[in-house]
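In my numbering, the protein residues as written are 423 to 733. Here a beta-carbon is modelled for each residue, glycine too, at the ideal position from N, C-alpha and C. Below is one structure; the comments refer to it alone.
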């Protein structure tokens, strides 16, 4: 999970101060980027739709929530890639990650699912020029169709056990948008103020940019047990997907995902039988007793060894 996303995604008490800081960052970004003059994106084909919802996901993310949700949606809904953002202005290319002897370049790709008029953004987290990056994203989607609503997906580390039902927290960019989602299984009554001297999270920033364009937008943050942050958390994926399935009437079946959750739970349950310390740590989390820093670090290492990159 990135530094920007590790902050608690809770709603600000002082909206005036929030907007002031965002405006300050956007002005700084504009001054720098308007001089580049380079093409920022490519559109391969235009979706055949007049009105669509947009799902935004980031990589990396706690529990691999963002990438898993995006891939599940565009795979099940027969989505196709229709646009991408050029990385040069927003990502450092001097430190490219090499995985399995293959260079992993940053990507920002858009997919369209015709069956449900759904747009999906699957992107690496930008390292710079936030305002220009988010403005580019919305320019791409608005050049293809009218966006009726945006849902920004994120995982957040939580001091809970994997056997604890996940909570899905929501922050809307207007009171009207908040009323639109209040009857779903979401936690919406939150207050939070970004500490002085820190910039808002990228997701909060996107809410503001969308609001300036008159687009209803919601940040969705799902709990991920802290020891699964670097692993997969299919239960967190399903919590987000269940909401989107209901809200957007996608009519999707997640039986395969439910099986994946069961396999992971069984694997951990077997490990608890074999390792008394693991069982003790998880039992204390299940009883809301908590762990000290040393125990938490050992639990994280144990889970990464057990689960690796997932099945």
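(Q) What residue range does the alpha helix (DSSP H) around residue 570 cover? (A) Looking at the DSSP string, residue 570 is not in any alpha helix (DSSP H); the run it does join, the beta strand (DSSP E), is 568-580.
Q | Buried or exposed by the 16-neighbour rule on C-beta atoms within 10 Å, applied to residue 711 | A | exposed
Q) How would you label residue 609, buried or exposed, when you count the other beta carbons within 10 angstroms and need 16 or more for buried? A) exposed
Q) Quick one: what's got a C-beta closer than 7 Å to residue 583's C-beta in the same chain, skipping five residues either side? A) 647, 704, 707 and 708
Q: Report buried or exposed for residue 677, applying the criterion of at least 16 other Cβ atoms within 10 angstroms of its Cβ.
A: exposed
Q. In whole angstroms, what separates the C-alpha of residue 472 from that of residue 685?
A. 41 Å
Q.
Going by beta-carbon coordinates alone, are residue 740 and residue 547 separated by less than 8 Å?
A. Limits of the chain in this structure are 423 at one end and 733 at the other, which puts residue 740 out of reach.
Q. With 16 as the cutoff for other CB atoms within 10 Å, does residue 512 come out buried or exposed?
A. buried
Q) Is the number of C-beta pairs between the stretch 542-562 and the stretch 462-477 that are closer than 8 Å three or more? A) yes
Q. Is residue 532 closer than 8 Å to residue 504 when the C-beta atoms are compared?
A. yes
Q) Which value, in whole angstroms, describes the spacing of the CA atoms of residue 577 and residue 484? A) 5 Å
(Q) With the cut-off set at 8 Å, would you say residue 492 and residue 542 are in Cβ contact? (A) yes
Q. How about residue 570 and residue 474: are their beta carbons less than 8 Å apart?
A. yes
Q: Would you list the one or two residues that DSSP bridges to residue 505?
A: 465 and 532
**Q.** Environment of residue 606 [buried if 16+ CB atoms lie within 10 Å]
**A.** exposed
**Q.** chain D contact for residue 465 (CB, 8 Å cutoff)
**A.** Going by chain labels, chain D is absent from the structure shown, which holds only one protein chain.
Q. What three-state label does DSSP hand residue 542 in the structure shown?
A. strand
(Q) Nearest by alpha-carbon distance to residue 670: which of 469, 602, 725 and 579 is it? (A) 602
Q: Under 8 Å by Cβ, that's how I've got residue 644 and residue 588 pegged, so tell me the actual separation to the nearest angstrom.
A: 6 Å
Q) Any idea what DSSP makes of residue 709, helix, strand or coil? A) coil
Q. From this set, 566, 597, 592 and 654, which residue's C-alpha is nearest residue 725's C-alpha?
A. 654
(Q) Relative to the C-alpha of residue 728, which candidate in 652, 595 and 626 has its C-alpha closest? (A) 652
Q) Does the distance from the CB of residue 534 to the CB of residue 622 come in under 8 Å? A) no
Q) Excluding the five sequence neighbours on either side, which residues of its own chain have a C-beta within less than 6 Å of the C-beta of residue 479, listed in chain order? A) 488, 491, 492, 544 and 575
Q) Hey, quick one: how far does the beta strand (DSSP E) through residue 477 stretch, first residue to last? A) 473-481
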